[in-house]
Amino acid sequence: MRNFNALLAFTATIAVLALYNCNVNGQTSQNINVFFINEIDNDPASKAVEVVETYLKKNAQYGLTLRIERIEANKTDAKDLLETSVPSETVKSFTQALGLPTISASYGQEGDLRQWRDIDANKQKYLLQIMPPADLIPEVVRSIVRKMNITNAAILYDETFIMDHKYKSLLQNIQTRHLIARIAQGDRERTEEIEKLRNLDINNFFILGSLRTIGQVLEAVKSAYFQRNFAWHAITQDEGEIASKRDNATLMYLKPVVYAQRRERLGQLRTTYNLNETPQIMTVFYFDLALRAFLTVRDMIQANAWPKNMIYMGCDDYQGENTPIRNLDLKEYFIKVSEPTSYGQFELVSEQGKPFNGNSYVKFEMDIDMVEIRGGNSVNSKPIGRWTSGLDTPLMIKDETAINNLTADTVYRVYTVLAKCDKPEDQSDGISIENIGGVFIVIFVGIGMACITLLFEYWWYKYRKNPRIIDVTEAEPSGKRGKIPEGIILGRTEKRGNIKSNIVLRSRFNQYPSKTPKPKF
(Lines of atoms letter the chains of each structure in order from A and count residues from 1; the text may use other names and numbers.)
(Lines give C-alpha, C1' and ligand atoms only; values in the text may rest on other atoms or scores of the structure.)
Protein backbone atom coordinates (compact mmCIF):
# COMPACT_ATOMS: atom_id res chain seq x y z
CA MET A 1 0.00 0.00 0.00
CA ARG A 2 1.20 3.51 -0.76
CA ASN A 3 2.61 5.58 2.10
CA PHE A 4 -0.03 8.23 2.81
CA ASN A 5 -0.21 10.81 5.55
CA ALA A 6 -3.90 10.16 6.19
CA LEU A 7 -6.42 7.63 4.95
CA LEU A 8 -10.15 7.08 5.16
CA ALA A 9 -12.17 4.32 3.51
CA PHE A 10 -15.78 5.15 2.76
CA THR A 11 -17.88 2.20 1.57
CA ALA A 12 -21.46 1.63 0.56
CA THR A 13 -23.25 -1.60 -0.07
CA ILE A 14 -22.81 -0.97 -3.76
CA ALA A 15 -20.65 2.13 -3.85
CA VAL A 16 -17.26 2.15 -2.18
CA LEU A 17 -15.41 5.38 -1.47
CA ALA A 18 -11.89 5.20 -0.07
CA LEU A 19 -10.18 8.39 0.98
CA TYR A 20 -6.57 7.33 0.97
CA ASN A 21 -4.72 10.59 1.57
CA CYS A 22 -5.17 13.98 3.13
CA ASN A 23 -2.16 16.28 2.72
CA VAL A 24 -2.33 19.49 4.73
CA ASN A 25 -0.26 22.19 3.06
CA GLY A 26 0.14 25.89 3.59
CA GLN A 27 -2.97 26.68 1.57
CA THR A 28 -6.48 27.02 2.95
CA SER A 29 -7.66 24.04 0.90
CA GLN A 30 -7.01 20.51 2.09
CA ASN A 31 -6.36 17.92 -0.61
CA ILE A 32 -7.88 14.47 -0.19
CA ASN A 33 -7.20 11.54 -2.53
CA VAL A 34 -10.28 9.40 -3.14
CA PHE A 35 -10.30 5.79 -4.30
CA PHE A 36 -13.82 5.09 -5.59
CA ILE A 37 -14.93 1.48 -6.19
CA ASN A 38 -18.42 1.14 -7.60
CA GLU A 39 -20.54 -1.57 -9.14
CA ILE A 40 -20.99 -1.06 -12.82
CA ASP A 41 -24.73 -0.28 -12.71
CA ASN A 42 -24.92 1.81 -9.54
CA ASP A 43 -25.52 5.13 -11.29
CA PRO A 44 -26.91 7.01 -8.22
CA ALA A 45 -23.63 6.56 -6.31
CA SER A 46 -21.48 7.50 -9.31
CA LYS A 47 -23.50 10.63 -9.98
CA ALA A 48 -23.47 11.63 -6.30
CA VAL A 49 -19.65 11.48 -6.10
CA GLU A 50 -19.31 13.57 -9.26
CA VAL A 51 -21.66 16.20 -7.88
CA VAL A 52 -19.85 16.29 -4.52
CA GLU A 53 -16.57 16.96 -6.31
CA THR A 54 -18.13 19.79 -8.33
CA TYR A 55 -19.96 21.15 -5.29
CA LEU A 56 -16.75 21.46 -3.27
CA LYS A 57 -14.95 23.17 -6.17
CA LYS A 58 -17.65 25.82 -6.49
CA ASN A 59 -17.89 26.38 -2.74
CA ALA A 60 -14.41 27.30 -1.59
CA GLN A 61 -15.59 28.01 1.94
CA TYR A 62 -15.47 24.27 2.66
CA GLY A 63 -11.69 24.26 2.14
CA LEU A 64 -11.61 20.84 0.48
CA THR A 65 -10.25 19.57 -2.83
CA LEU A 66 -10.85 16.00 -3.99
CA ARG A 67 -8.78 13.87 -6.34
CA ILE A 68 -10.74 10.77 -7.27
CA GLU A 69 -9.59 7.51 -8.86
CA ARG A 70 -12.42 5.29 -10.07
CA ILE A 71 -12.75 1.50 -10.39
CA GLU A 72 -15.87 -0.33 -11.54
CA ALA A 73 -16.65 -3.84 -10.29
CA ASN A 74 -18.86 -6.16 -12.29
CA LYS A 75 -21.21 -7.79 -9.79
CA THR A 76 -22.11 -10.60 -12.23
CA ASP A 77 -18.73 -12.22 -11.59
CA ALA A 78 -18.19 -12.06 -7.87
CA LYS A 79 -15.03 -14.21 -8.04
CA ASP A 80 -13.17 -11.32 -9.64
CA LEU A 81 -13.47 -9.43 -6.35
CA LEU A 82 -11.76 -11.66 -3.80
CA GLU A 83 -14.32 -14.43 -4.47
CA THR A 84 -17.03 -12.52 -2.56
CA SER A 85 -20.68 -12.33 -3.61
CA VAL A 86 -20.98 -8.68 -2.57
CA PRO A 87 -18.16 -6.14 -3.16
CA SER A 88 -19.14 -4.28 -0.01
CA GLU A 89 -18.46 -7.37 2.12
CA THR A 90 -15.04 -7.65 0.54
CA VAL A 91 -14.21 -4.04 1.29
CA LYS A 92 -15.41 -4.36 4.89
CA SER A 93 -13.27 -7.46 5.28
CA PHE A 94 -9.96 -5.87 4.35
CA THR A 95 -10.71 -2.47 5.93
CA GLN A 96 -11.34 -4.27 9.22
CA ALA A 97 -8.21 -6.37 8.85
CA LEU A 98 -5.97 -3.44 7.88
CA GLY A 99 -7.50 -1.01 10.36
CA LEU A 100 -8.75 1.51 7.79
CA PRO A 101 -11.25 4.12 9.13
CA THR A 102 -14.46 3.39 7.23
CA ILE A 103 -17.93 4.86 6.80
CA SER A 104 -20.23 2.32 5.18
CA ALA A 105 -23.67 2.67 3.64
CA SER A 106 -24.20 -1.08 3.58
CA TYR A 107 -27.60 -2.74 3.78
CA GLY A 108 -28.36 -4.62 6.97
CA GLN A 109 -29.40 -4.25 10.56
CA GLU A 110 -27.44 -5.19 13.65
CA GLY A 111 -25.78 -8.54 13.10
CA ASP A 112 -26.24 -8.55 9.31
CA LEU A 113 -22.74 -7.14 8.64
CA ARG A 114 -20.87 -10.41 8.74
CA GLN A 115 -17.38 -8.94 8.53
CA TRP A 116 -18.04 -6.38 11.30
CA ARG A 117 -20.22 -8.53 13.52
CA ASP A 118 -17.63 -9.11 16.27
CA ILE A 119 -15.42 -6.02 16.12
CA ASP A 120 -14.04 -4.73 19.43
CA ALA A 121 -14.82 -1.40 21.10
CA ASN A 122 -11.80 0.33 19.52
CA LYS A 123 -12.82 -0.62 15.97
CA GLN A 124 -16.39 0.43 16.63
CA LYS A 125 -15.14 4.02 16.75
CA TYR A 126 -13.85 4.07 13.17
CA LEU A 127 -15.81 1.29 11.37
CA LEU A 128 -19.23 2.91 10.91
CA GLN A 129 -22.38 1.97 8.98
CA ILE A 130 -25.43 4.06 8.03
CA MET A 131 -28.37 2.23 6.43
CA PRO A 132 -29.51 3.70 3.09
CA PRO A 133 -33.18 4.58 2.37
CA ALA A 134 -33.67 1.50 0.19
CA ASP A 135 -32.89 -0.62 3.24
CA LEU A 136 -35.49 1.16 5.38
CA ILE A 137 -38.40 1.38 2.92
CA PRO A 138 -39.24 -2.37 3.16
CA GLU A 139 -39.79 -1.88 6.90
CA VAL A 140 -43.10 -0.16 6.06
CA VAL A 141 -44.45 -3.61 5.16
CA ARG A 142 -44.11 -4.59 8.81
CA SER A 143 -46.02 -1.48 9.90
CA ILE A 144 -48.82 -2.14 7.39
CA VAL A 145 -49.16 -5.78 8.41
CA ARG A 146 -49.50 -4.79 12.05
CA LYS A 147 -51.93 -1.95 11.40
CA MET A 148 -54.24 -3.94 9.14
CA ASN A 149 -53.88 -7.27 10.96
CA ILE A 150 -52.82 -9.11 7.81
CA THR A 151 -52.53 -12.89 8.18
CA ASN A 152 -50.93 -13.73 4.82
CA ALA A 153 -48.73 -11.75 2.45
CA ALA A 154 -46.69 -12.06 -0.73
CA ILE A 155 -43.80 -9.57 -0.91
CA LEU A 156 -42.46 -9.09 -4.44
CA TYR A 157 -39.43 -6.93 -5.24
CA ASP A 158 -37.25 -5.93 -8.19
CA GLU A 159 -33.59 -4.97 -8.62
CA THR A 160 -34.03 -1.58 -6.92
CA PHE A 161 -34.30 -3.35 -3.55
CA ILE A 162 -32.03 -5.81 -1.76
CA MET A 163 -34.07 -8.26 0.31
CA ASP A 164 -31.69 -11.16 0.98
CA HIS A 165 -31.17 -10.14 4.60
CA LYS A 166 -34.88 -9.37 5.15
CA TYR A 167 -36.12 -12.96 5.00
CA LYS A 168 -35.43 -13.60 8.68
CA SER A 169 -36.23 -10.20 10.16
CA LEU A 170 -38.90 -8.33 8.19
CA LEU A 171 -41.95 -9.99 9.79
CA GLN A 172 -40.19 -11.58 12.72
CA ASN A 173 -42.43 -12.32 15.74
CA ILE A 174 -45.57 -11.53 13.70
CA GLN A 175 -48.07 -14.31 13.04
CA THR A 176 -48.31 -13.69 9.32
CA ARG A 177 -47.78 -16.40 6.76
CA HIS A 178 -45.65 -14.71 4.11
CA LEU A 179 -43.40 -15.27 1.13
CA ILE A 180 -40.67 -12.97 -0.24
CA ALA A 181 -39.81 -13.43 -3.92
CA ARG A 182 -38.04 -11.63 -6.76
CA ILE A 183 -40.36 -10.37 -9.48
CA ALA A 184 -40.13 -12.59 -12.55
CA GLN A 185 -38.96 -11.26 -15.90
CA GLY A 186 -41.42 -11.39 -18.78
CA ASP A 187 -45.18 -10.98 -18.91
CA ARG A 188 -45.95 -14.69 -19.01
CA GLU A 189 -43.58 -15.47 -16.15
CA ARG A 190 -45.09 -12.74 -13.97
CA THR A 191 -48.60 -14.06 -14.61
CA GLU A 192 -47.53 -17.58 -13.64
CA GLU A 193 -45.83 -16.23 -10.53
CA ILE A 194 -49.04 -14.54 -9.35
CA GLU A 195 -51.02 -17.71 -10.06
CA LYS A 196 -48.63 -19.79 -7.95
CA LEU A 197 -49.03 -17.36 -5.07
CA ARG A 198 -52.82 -17.56 -5.34
CA ASN A 199 -52.59 -21.34 -5.19
CA LEU A 200 -50.93 -20.84 -1.80
CA ASP A 201 -54.12 -19.04 -0.67
CA ILE A 202 -52.47 -15.60 -0.50
CA ASN A 203 -54.62 -12.53 -1.09
CA ASN A 204 -52.43 -9.67 0.24
CA PHE A 205 -49.74 -8.49 -2.19
CA PHE A 206 -46.88 -6.02 -1.70
CA ILE A 207 -44.95 -4.78 -4.75
CA LEU A 208 -41.58 -3.15 -3.99
CA GLY A 209 -39.98 -1.69 -7.09
CA SER A 210 -39.79 1.10 -9.60
CA LEU A 211 -42.94 2.63 -11.08
CA ARG A 212 -42.26 0.73 -14.28
CA THR A 213 -42.07 -2.60 -12.45
CA ILE A 214 -45.22 -1.87 -10.46
CA GLY A 215 -47.15 -1.18 -13.66
CA GLN A 216 -45.91 -4.41 -15.25
CA VAL A 217 -46.96 -6.51 -12.28
CA LEU A 218 -50.43 -4.96 -12.16
CA GLU A 219 -50.89 -5.67 -15.85
CA ALA A 220 -49.98 -9.34 -15.29
CA VAL A 221 -52.75 -9.82 -12.73
CA LYS A 222 -56.18 -11.14 -13.60
CA SER A 223 -59.07 -8.73 -13.14
CA ALA A 224 -60.65 -11.09 -10.62
CA TYR A 225 -57.71 -10.50 -8.28
CA PHE A 226 -58.71 -6.87 -7.72
CA GLN A 227 -61.98 -7.72 -6.02
CA ARG A 228 -62.74 -6.90 -2.39
CA ASN A 229 -61.19 -10.07 -1.03
CA PHE A 230 -57.75 -8.96 -2.30
CA ALA A 231 -55.46 -6.14 -1.15
CA TRP A 232 -52.64 -4.59 -3.20
CA HIS A 233 -49.84 -2.33 -1.92
CA ALA A 234 -47.34 -0.56 -4.21
CA ILE A 235 -44.13 0.75 -2.58
CA THR A 236 -41.45 2.61 -4.51
CA GLN A 237 -38.39 4.83 -4.21
CA ASP A 238 -39.48 6.84 -7.25
CA GLU A 239 -41.52 10.01 -7.54
CA GLY A 240 -44.61 10.28 -9.70
CA GLU A 241 -47.83 8.37 -10.25
CA ILE A 242 -48.57 4.78 -11.21
CA ALA A 243 -49.37 4.07 -14.85
CA SER A 244 -50.77 0.65 -15.77
CA LYS A 245 -53.00 -0.76 -18.47
CA ARG A 246 -55.71 -1.75 -16.05
CA ASP A 247 -59.40 -0.99 -16.33
CA ASN A 248 -60.33 -1.16 -12.67
CA ALA A 249 -57.93 -1.38 -9.73
CA THR A 250 -57.69 0.19 -6.27
CA LEU A 251 -54.52 -0.05 -4.19
CA MET A 252 -52.40 1.54 -1.49
CA TYR A 253 -49.51 3.57 -2.89
CA LEU A 254 -46.46 4.67 -0.88
CA LYS A 255 -43.67 6.94 -2.15
CA PRO A 256 -40.98 9.07 -0.43
CA VAL A 257 -41.50 12.78 0.07
CA VAL A 258 -38.97 15.55 0.71
CA TYR A 259 -39.19 17.53 3.94
CA ALA A 260 -40.51 21.03 3.22
CA GLN A 261 -37.48 22.75 4.81
CA ARG A 262 -35.10 20.89 2.45
CA ARG A 263 -36.85 21.40 -0.86
CA GLU A 264 -34.96 24.61 -1.66
CA ARG A 265 -31.55 22.98 -1.17
CA LEU A 266 -32.60 19.92 -3.18
CA GLY A 267 -33.92 22.11 -5.98
CA GLN A 268 -30.56 23.90 -6.14
CA LEU A 269 -28.67 20.61 -6.42
CA ARG A 270 -30.96 19.48 -9.22
CA THR A 271 -30.81 22.66 -11.25
CA THR A 272 -27.29 23.98 -10.54
CA TYR A 273 -25.38 20.71 -10.15
CA ASN A 274 -27.58 18.43 -12.27
CA LEU A 275 -28.22 15.91 -9.49
CA ASN A 276 -31.09 14.25 -11.35
CA GLU A 277 -30.22 10.56 -11.25
CA THR A 278 -33.09 8.30 -10.18
CA PRO A 279 -34.19 7.19 -7.75
CA GLN A 280 -33.67 10.65 -6.33
CA ILE A 281 -33.79 9.63 -2.69
CA MET A 282 -30.80 7.28 -3.14
CA THR A 283 -28.77 9.74 -5.18
CA VAL A 284 -29.23 12.53 -2.64
CA PHE A 285 -28.46 10.11 0.20
CA TYR A 286 -25.09 9.22 -1.33
CA PHE A 287 -24.40 12.93 -1.87
CA ASP A 288 -25.19 13.83 1.75
CA LEU A 289 -23.24 10.90 3.15
CA ALA A 290 -20.15 11.48 1.00
CA LEU A 291 -20.11 15.20 1.80
CA ARG A 292 -20.53 14.51 5.50
CA ALA A 293 -17.67 11.98 5.43
CA PHE A 294 -15.31 14.45 3.76
CA LEU A 295 -16.24 17.20 6.22
CA THR A 296 -15.64 14.76 9.10
CA VAL A 297 -12.03 14.24 7.96
CA ARG A 298 -11.56 17.99 7.56
CA ASP A 299 -12.85 18.66 11.08
CA MET A 300 -10.64 15.96 12.57
CA ILE A 301 -7.55 17.36 10.86
CA GLN A 302 -8.33 20.86 12.05
CA ALA A 303 -8.78 19.54 15.60
CA ASN A 304 -5.55 17.49 15.38
CA ALA A 305 -7.66 14.37 15.98
CA TRP A 306 -6.41 12.78 12.77
CA PRO A 307 -2.77 11.62 13.08
CA LYS A 308 -0.50 13.39 10.62
CA ASN A 309 1.78 10.40 10.24
CA MET A 310 -0.64 7.52 10.41
CA ILE A 311 1.00 4.27 9.35
CA TYR A 312 -0.91 2.06 6.93
CA MET A 313 -0.24 -1.61 6.34
CA GLY A 314 -0.43 -3.24 2.93
CA CYS A 315 -2.30 -6.44 2.21
CA ASP A 316 0.99 -8.34 1.76
CA ASP A 317 2.04 -7.32 5.28
CA TYR A 318 -1.08 -8.63 6.94
CA GLN A 319 -0.39 -11.82 8.89
CA GLY A 320 -3.84 -12.48 10.33
CA GLU A 321 -3.54 -10.85 13.76
CA ASN A 322 -1.33 -7.80 13.24
CA THR A 323 -4.10 -5.23 12.62
CA PRO A 324 -2.82 -1.73 13.58
CA ILE A 325 -4.37 -0.19 16.68
CA ARG A 326 -6.03 3.13 15.84
CA ASN A 327 -6.56 5.82 18.44
CA LEU A 328 -9.20 7.42 16.25
CA ASP A 329 -12.75 8.41 17.18
CA LEU A 330 -14.30 8.87 13.76
CA LYS A 331 -17.81 8.30 15.12
CA GLU A 332 -17.68 11.29 17.46
CA TYR A 333 -16.75 13.76 14.72
CA PHE A 334 -19.13 12.21 12.19
CA ILE A 335 -22.04 12.77 14.58
CA LYS A 336 -20.99 16.38 15.32
CA VAL A 337 -20.96 17.54 11.66
CA SER A 338 -23.52 20.34 11.34
CA GLU A 339 -23.86 20.40 7.54
CA PRO A 340 -27.57 20.46 6.56
CA THR A 341 -28.85 17.52 4.55
CA SER A 342 -30.65 17.69 1.21
CA TYR A 343 -33.44 15.13 1.58
CA GLY A 344 -33.82 13.47 4.97
CA GLN A 345 -32.16 13.81 8.33
CA PHE A 346 -29.46 11.53 9.69
CA GLU A 347 -30.52 9.61 12.78
CA LEU A 348 -27.17 8.62 14.32
CA VAL A 349 -26.87 6.64 17.54
CA SER A 350 -24.97 8.51 20.24
CA GLU A 351 -26.21 6.69 23.36
CA GLN A 352 -23.71 4.65 25.31
CA GLY A 353 -24.29 0.92 25.11
CA LYS A 354 -26.43 1.02 21.96
CA PRO A 355 -24.67 -0.20 18.79
CA PHE A 356 -24.10 2.47 16.15
CA ASN A 357 -24.02 0.00 13.27
CA GLY A 358 -27.42 -1.42 12.37
CA ASN A 359 -29.29 1.37 14.18
CA SER A 360 -28.16 4.52 12.33
CA TYR A 361 -30.02 5.64 9.22
CA VAL A 362 -31.44 8.58 7.32
CA LYS A 363 -34.88 9.70 8.46
CA PHE A 364 -37.47 10.59 5.81
CA GLU A 365 -41.21 10.33 5.22
CA MET A 366 -43.42 8.48 2.77
CA ASP A 367 -46.88 9.54 1.62
CA ILE A 368 -49.64 6.93 1.83
CA ASP A 369 -52.31 7.36 -0.86
CA MET A 370 -55.36 5.39 -1.95
CA VAL A 371 -55.09 5.23 -5.73
CA GLU A 372 -57.78 4.22 -8.22
CA ILE A 373 -56.64 3.19 -11.70
CA ARG A 374 -59.13 3.52 -14.54
CA GLY A 375 -58.30 3.12 -18.20
CA GLY A 376 -54.57 2.83 -17.58
CA ASN A 377 -54.15 5.98 -15.47
CA SER A 378 -54.46 7.05 -11.85
CA VAL A 379 -57.76 8.92 -11.93
CA ASN A 380 -58.19 9.41 -8.21
CA SER A 381 -55.46 9.70 -5.59
CA LYS A 382 -56.51 10.34 -2.00
CA PRO A 383 -53.95 11.00 0.80
CA ILE A 384 -54.74 8.82 3.81
CA GLY A 385 -51.59 9.10 5.93
CA ARG A 386 -47.79 9.11 6.25
CA TRP A 387 -45.02 6.85 7.46
CA THR A 388 -41.74 8.03 9.01
CA SER A 389 -38.77 5.80 8.26
CA GLY A 390 -37.50 3.64 11.08
CA LEU A 391 -37.00 0.06 12.17
CA ASP A 392 -40.39 -0.26 13.89
CA THR A 393 -42.43 2.91 13.43
CA PRO A 394 -46.24 2.84 13.12
CA LEU A 395 -48.34 4.30 10.34
CA MET A 396 -49.80 7.76 10.86
CA ILE A 397 -53.31 7.44 9.41
CA LYS A 398 -55.65 10.40 9.07
CA ASP A 399 -58.48 8.58 7.25
CA GLU A 400 -59.32 5.29 8.96
CA THR A 401 -62.34 4.69 6.74
CA ALA A 402 -60.27 4.83 3.57
CA ILE A 403 -57.62 2.46 4.87
CA ASN A 404 -60.29 0.00 5.98
CA ASN A 405 -61.57 -0.02 2.41
CA LEU A 406 -58.11 -1.15 1.31
CA THR A 407 -58.20 -4.17 3.61
CA ALA A 408 -58.94 -7.51 2.02
CA ASP A 409 -62.30 -8.86 3.13
CA THR A 410 -62.16 -12.02 5.19
CA VAL A 411 -63.45 -14.98 3.22
CA TYR A 412 -64.91 -17.91 5.15
CA ARG A 413 -65.01 -21.24 3.36
CA VAL A 414 -67.43 -24.03 4.31
CA TYR A 415 -66.20 -27.47 3.35
CA THR A 416 -68.43 -30.57 3.18
CA VAL A 417 -66.54 -33.78 3.69
CA LEU A 418 -67.98 -36.57 1.53
CA ALA A 419 -67.14 -40.18 2.35
CA LYS A 420 -66.68 -42.48 -0.60
CA CYS A 421 -69.52 -44.99 -0.90
CA ASP A 422 -68.67 -48.65 -1.28
CA LYS A 423 -69.80 -50.56 -4.33
CA PRO A 424 -73.14 -52.41 -3.95
CA GLU A 425 -71.50 -55.72 -4.69
CA ASP A 426 -69.03 -55.12 -1.83
CA GLN A 427 -71.80 -54.59 0.74
CA SER A 428 -73.73 -57.20 2.76
CA ASP A 429 -76.81 -56.84 5.01
CA GLY A 430 -77.00 -59.18 8.03
CA ILE A 431 -76.02 -62.83 7.74
CA SER A 432 -75.26 -64.09 4.27
CA ILE A 433 -73.80 -67.17 2.69
CA GLU A 434 -70.34 -65.55 2.81
CA ASN A 435 -70.31 -64.85 6.56
CA ILE A 436 -72.57 -67.62 7.99
CA GLY A 437 -69.62 -69.91 8.58
CA GLY A 438 -68.34 -67.78 11.45
CA VAL A 439 -71.75 -67.85 13.16
CA PHE A 440 -71.84 -71.65 13.12
CA ILE A 441 -68.36 -71.86 14.56
CA VAL A 442 -69.36 -69.68 17.53
CA ILE A 443 -72.50 -71.80 18.13
CA PHE A 444 -70.58 -75.09 18.03
CA VAL A 445 -67.95 -73.79 20.42
CA GLY A 446 -70.65 -72.75 22.91
CA ILE A 447 -72.40 -76.13 22.71
CA GLY A 448 -69.08 -77.91 23.20
CA MET A 449 -68.22 -75.91 26.32
CA ALA A 450 -71.70 -76.60 27.79
CA CYS A 451 -71.31 -80.36 27.25
CA ILE A 452 -67.91 -80.38 28.92
CA THR A 453 -69.35 -78.52 31.93
CA LEU A 454 -72.23 -81.01 32.31
CA LEU A 455 -69.90 -84.00 32.11
CA PHE A 456 -67.66 -82.55 34.78
CA GLU A 457 -70.55 -81.87 37.14
CA TYR A 458 -71.94 -85.39 36.59
CA TRP A 459 -68.58 -86.94 37.42
CA TRP A 460 -68.09 -84.71 40.46
CA TYR A 461 -71.30 -85.64 42.23
CA LYS A 462 -71.58 -89.31 41.13
CA TYR A 463 -68.06 -90.60 41.82
CA ARG A 464 -67.13 -88.78 45.03
CA LYS A 465 -66.36 -91.02 48.05
CA ASN A 466 -69.31 -91.13 50.56
CA PRO A 467 -70.27 -87.49 50.52
CA ARG A 468 -72.07 -86.46 53.74
CA ILE A 469 -74.23 -83.34 53.87
CA ILE A 470 -74.76 -81.56 57.22
CA ASP A 471 -76.59 -78.44 58.17
CA VAL A 472 -74.59 -75.26 58.06
CA THR A 473 -75.66 -74.23 61.54
CA GLU A 474 -74.50 -77.55 62.97
CA ALA A 475 -71.07 -77.56 61.38
CA GLU A 476 -68.14 -77.35 63.75
CA PRO A 477 -64.52 -77.22 62.59
CA SER A 478 -62.55 -80.10 63.98
CA GLY A 479 -59.53 -80.40 61.80
CA LYS A 480 -56.24 -78.64 62.03
CA ARG A 481 -56.39 -74.88 61.89
CA GLY A 482 -60.20 -74.97 62.14
CA LYS A 483 -60.87 -76.64 58.78
CA ILE A 484 -63.88 -78.75 57.92
CA PRO A 485 -63.08 -82.51 57.85
CA GLU A 486 -62.79 -84.31 54.53
CA GLY A 487 -65.97 -85.69 52.98
CA ILE A 488 -68.36 -83.16 54.46
CA ILE A 489 -70.44 -80.83 52.32
CA LEU A 490 -71.92 -77.82 54.01
CA GLY A 491 -75.61 -77.34 53.32
CA ARG A 492 -78.96 -76.73 54.93
CA THR A 493 -81.51 -79.35 55.83
CA GLU A 494 -85.01 -77.92 55.49
CA LYS A 495 -87.33 -79.41 58.16
CA ARG A 496 -90.24 -77.03 57.82
CA GLY A 497 -93.32 -77.78 55.77
CA ASN A 498 -93.36 -80.60 53.31
CA ILE A 499 -89.96 -79.74 51.87
CA LYS A 500 -87.20 -82.19 52.68
CA SER A 501 -84.11 -81.50 50.70
CA ASN A 502 -80.47 -80.79 51.12
CA ILE A 503 -79.08 -77.52 49.69
CA VAL A 504 -75.38 -77.68 49.00
CA LEU A 505 -73.86 -74.25 49.60
CA ARG A 506 -70.19 -74.72 48.92
CA SER A 507 -67.59 -77.46 48.69
CA ARG A 508 -65.47 -78.61 51.54
CA PHE A 509 -62.20 -77.41 50.21
CA ASN A 510 -62.90 -73.70 49.61
CA GLN A 511 -65.06 -72.51 52.51
CA TYR A 512 -64.62 -72.10 56.25
CA PRO A 513 -67.69 -71.97 58.43
CA SER A 514 -68.36 -68.96 60.48
CA LYS A 515 -69.50 -69.02 64.07
CA THR A 516 -71.57 -65.89 63.49
CA PRO A 517 -75.26 -66.68 63.21
CA LYS A 518 -76.54 -66.42 59.67
CA PRO A 519 -80.00 -65.57 58.49
CA LYS A 520 -82.26 -68.44 57.59
CA PHE A 521 -83.14 -69.09 54.03
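Quick note on numbering: the sequence shown equals residues -26 to -1, 1 to 495 in mature numbering (1 follows the signal peptide of the UniProt record, and there is no 0).
Using N, Cα and C, we set each Cβ at its ideal position, and we do this for glycine too.
Take residue 122, set aside five residues on each side of it, and the residues of its chain with a beta-carbon closer than 6 Å to its own are 381, in chain order. Straight through space, the alpha carbons of residue 235 and residue 320 are spaced by roughly 15 Å. In this chain, the alpha helix (DSSP H) harbouring residue 241 covers 237 to 246. For the pair residue 201 and residue 212, the Cα-to-Cα distance works out to about 27 Å. Beta-carbon to beta-carbon, residue 257 and residue 22 are separated by about 5 Å, close enough to satisfy the 8 Å threshold. In the three-state reduction of the DSSP assignment, residue 71 falls in the helix class.
Unbroken alpha helix (DSSP H) runs of no fewer than 4 residues, entirely contained in the stretch 89 to 172, are found at 107 to 110, 113 to 122, following chain order. Ranking 361, 177, 63 by CA distance to the CA of residue 87 puts 63 first.
Here residue 412 is exposed: its Cβ has fewer than 16 other Cβ atoms, across all protein chains shown, within 10 Å. In the structure shown, residue 355 adopts extended strand secondary structure according to DSSP, grouped into three states. Around the CB of residue 434, fewer than 16 other CB atoms lie within 10 Å, so the residue is classed as exposed.
The C-alpha of residue 238 lies about 12 Å from the C-alpha of residue 246. Spanning the alpha carbons of residue 208 and residue 118 requires a straight line of approximately 12 Å. The criterion of a C-beta distance shorter than 8 Å is satisfied by residue 343 and residue 357. Counting only residues of its own chain and dropping the five nearest sequence neighbours on each side, residue 167 has a CB closer than 6 Å to the CB of 158.
By a beta-carbon distance limit of 8 Å, residue 6 contacts residue 268. Their separation comes to about 7 Å.
Between residue 182 and residue 216, the gap from beta carbon to beta carbon reaches 8 Å or more. It is roughly 16 Å from the alpha-carbon of residue 289 to the alpha-carbon of residue 299.
For residue 6, the secondary structure class from DSSP, reduced to helix, strand or coil, is strand. Here residue 210 is buried: its Cβ has 16 or more other Cβ atoms, across all protein chains shown, within 10 Å.
As computed with DSSP, residue 208 is found in a beta bridge with 181, 227. In this structure the stretch 13 to 20 touches the stretch 249 to 266; the number of beta carbon pairs closer than 8 Å is three or more.
Judged by DSSP in its simplified three-state form, residue 297 adopts coil rather than helix or strand.
In the structure shown, residue 38 falls within a strand segment according to DSSP collapsed to helix, strand and coil. DSSP, read as helix, strand or coil, puts residue 310 in helix. Collapsing the DSSP output to three states places residue 259 in a helix. Here DSSP, grouped into helix, strand and coil, assigns residue 199 to helix.
In this structure residue 145 does not touch residue 287 by the C-beta definition: roughly 43 Å separates them, more than the 8 Å allowed. The three-state reading of DSSP puts residue 382 in coil, since its state is none of H, G, I, E or B.
Comparing alpha carbon positions, the residue from 14, 323, 390 closest to residue 105 is 323. The beta-bridge partner set that DSSP reports for residue 321 consists of 335. Between residue 350 and residue 220 a beta carbon distance of about 7 Å is seen, short of the 8 Å cut, so the two are scored as contacting. Look at residue 220 here: in three-state DSSP terms it is coil, with no helix or strand label. By the CB criterion at 8 Å, residue 304 and residue 102 fall inside the cutoff. The criterion of a C-beta distance shorter than 8 Å is not satisfied by residue 369 and residue 317.
Straight-line spacing of the CA atoms in residue 199 and residue 46 works out to 43 Å.
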